[in-house]
Amino acid sequence: MFAYNAPTDLLKDRILLVTGAGDGIGREAAKHYAAHGATVILLGRTQEKLDAVYDEIEAAGYPQAAIVPMNLEVATEHDYIELCNTLHQEFGRLDGILHNAGILGVRTPIENYDPVIWHQVMQVNLNAPFMLTQTLMPLLMASEDASIIFTSSGVGRTGKAYWGAYAISKFGTEGLMQVLADELENTPNIRVNAINPGGTRTNMRAYAYPGENPETLPTPADIMPVYLYLMGPDSKDTQGQSIDAQA
Ligand code: NDP
49 MFAYNAPTDL LKDRILLVTG AGDGIGREAA KHYAAHGATV ILLGRTQEKL
99 DAVYDEIEAA GYPQAAIVPM NLEVATEHDY IELCNTLHQE FGRLDGILHN
149 AGILGVRTPI ENYDPVIWHQ VMQVNLNAPF MLTQTLMPLL MASEDASIIF
199 TSSGVGRTGK AYWGAYAISK FGTEGLMQVL ADELENTPNI RVNAINPGGT
249 RTNMRAYAYP GENPETLPTP ADIMPVYLYL MGPDSKDTQG QSIDAQA
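The sequence shown begins at 49 in the working numbering and counts up by one.
Here is the structure:
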């Protein structure tokens with residue numbers, strides 16, 4: 049496991065956006081970021097799940113979160129601009145984005161892959177992080193120390209049969225991260241990296257590997273050290289890296 053001991057006040061006063069914050073890894077990251085002092089903007093598609101995370105953060109006495117219900121599969125340019133305007137009014141800046149929301153699609157050979165599902169997966173896993181990053185860049189530029197974290201996967205580095213659009217969206221994510229990191233090389237206040245969570249005990253993993261015993265897998269809480277490290281100031285000089293959470 050990636051080793052890092054985060055001080056309690058690591059993310060004090062930071063304004064962070066987490067996508068897919070209602071469940072799985074995103075839910076855990078949102079709570080960890082709040083526990084370390086951040087005001088977390090919880091973006092996701094299921095209001096009740098976001099409400100539950102909001103309530104947990106409030107009950108724990110962490111900084112009050114904010115909720116942004118948004119379905120990244122159908123969000124339009126207008127929705128992204130509206131989000132940017134709201135965050136600008138509320139906070140004036142953004143200190144980090146965790147692009148975590150993702151869908152698996154289906155596991156089937158490319159020759160059988162349903163084009164409708166292909167587009168859904170590309171939209172949520174790759175196009176939405178691009179649109180969010182592009183639209184929110186002025187708010188990230190306004191931060192003294194901003195971190196953009198993309199979510200990769202092992203099948204986004206080496207092609208593997210039947211992983212279809214999911215794998216290819218993750219290859220694209222690695223590419224987006226690298227291109228953006230290179231473009232921001234001389235922008236010292238923004239770093240861009242990716243995390244490959246590795247097999248983690250979530251609904252997505254259970255769906256992908258129905259025969260696997262979930263108890264054998266690390267939980268989302270177990271893989272949080274790298275999520276904290278990359279979001280906080282200790283990773284200031286880390287740029288363009290794709291890091292394994294379970295290395
Ligand atoms: P989960 O399925 O548990 O959670 C995914 C989250 O993304 C959910 O909160 C879900 O919302 C949200 N989401 C899905 N579609 C949309 C959408 N259209 N709009 C907004 N939010 C959406 O997955 P994990 O926690 O396992 O995965 C998190 C990330 O980690 C993904 O990018 C995944 O590809 C990656 N990953 C996971 C691995 C694992 O073993 N778990 C391994 C490698 C990579 P809702 O709950 O409302 O559906």
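Idealized CB from N, CA, C, for every residue including glycine.
Since the model is a prediction, treat every value here as computed from it, not as a measurement.
| Asked | Found |
| --- | --- |
| beta-carbon Lys97 near the ligand NDP non-hydrogen atom, thresh 7 Å | yes |
| Candidates Glu192, Val240 and Arg249: closest to Leu228 by CA position | Val240 |
| Length of the line joining the Cα atoms of Asn251 and Leu152 | 10 Å |
| Cβ neighbours of Ser219 in the same chain (closer than 6 Å, five flanking residues each side left out) | As written in the sequence, residue 219 is Phe, which differs from the Ser given in the question. So the qualifying residues of the chain are Gly204. |
| Beta carbon of Asp193 nearer than 8 Å to that of Asn234 | no |
| Nearest-angstrom beta carbon gap, Ala78 and Leu90 [assumed within contact, 8 Å] | 6 Å |
| Whole-angstrom C-beta distance between Gly202 and Thr156, which should lie under 8 Å | 19 Å between Cβ atoms; not a contact. |
| Sequence-distant residues of the same chain with beta carbon closer than 7 Å to Met170, five excluded per side | Ala213 and Ser217 |
| Beta-carbon proximity list for Val154, same chain, < 8 Å, skipping 5 on both sides | Tyr161, Asp162, Ile165 and Gly212 |
| Touch test, the segment 123–140 against the segment 97–113, Cβ-Cβ under 8 Å, three pairs minimum | no |
| Cβ distance (whole Å) where Thr221 is taken to contact Ser200 below 8 Å | 6 Å |
| Continuous beta strand (DSSP E) stretch holding Ile239: start and end | Here the sequence assigns Arg to residue 239, which means Ile is not the residue at that position. That run of the beta strand (DSSP E) goes Ile238 to Asn244. |
| Contact set for Ala86: own chain, Cβ-Cβ below 6 Å, skip 5 residues either direction | Leu59, Arg62 and Leu64 |
| Identity of the residue in Met179, Pro266 and Tyr110 nearest Ala295 by Cα | Pro266 |
| Ala113 to Glu159 span [Cα, whole Å] | 44 Å |
| Best match in Asp143, Thr206, Tyr128 and Pro186 for proximity to Asn175 [C-alpha to C-alpha] | Tyr128 |
| Complete alpha helix (DSSP H) runs within the segment 157–213 (minimum length 4 residues, chain order) | 163–170 and 176–189 |
| For Val116, three-class secondary structure by DSSP | strand |
| Endpoints, beta strand (DSSP E) assigned at Pro64 | The sequence given here has Leu at residue 64, not Pro. Looking at the DSSP string, the run of the beta strand (DSSP E) that includes Leu64 is Ile63 to Thr67. |
| Three-state secondary structure (DSSP) of Gly144 | strand |
| CB contact flag (Thr67, His136, <8 Å) | no |
| Continuous beta strand (DSSP E) stretch holding Gly92: start and end | Thr87 to Gly92 |
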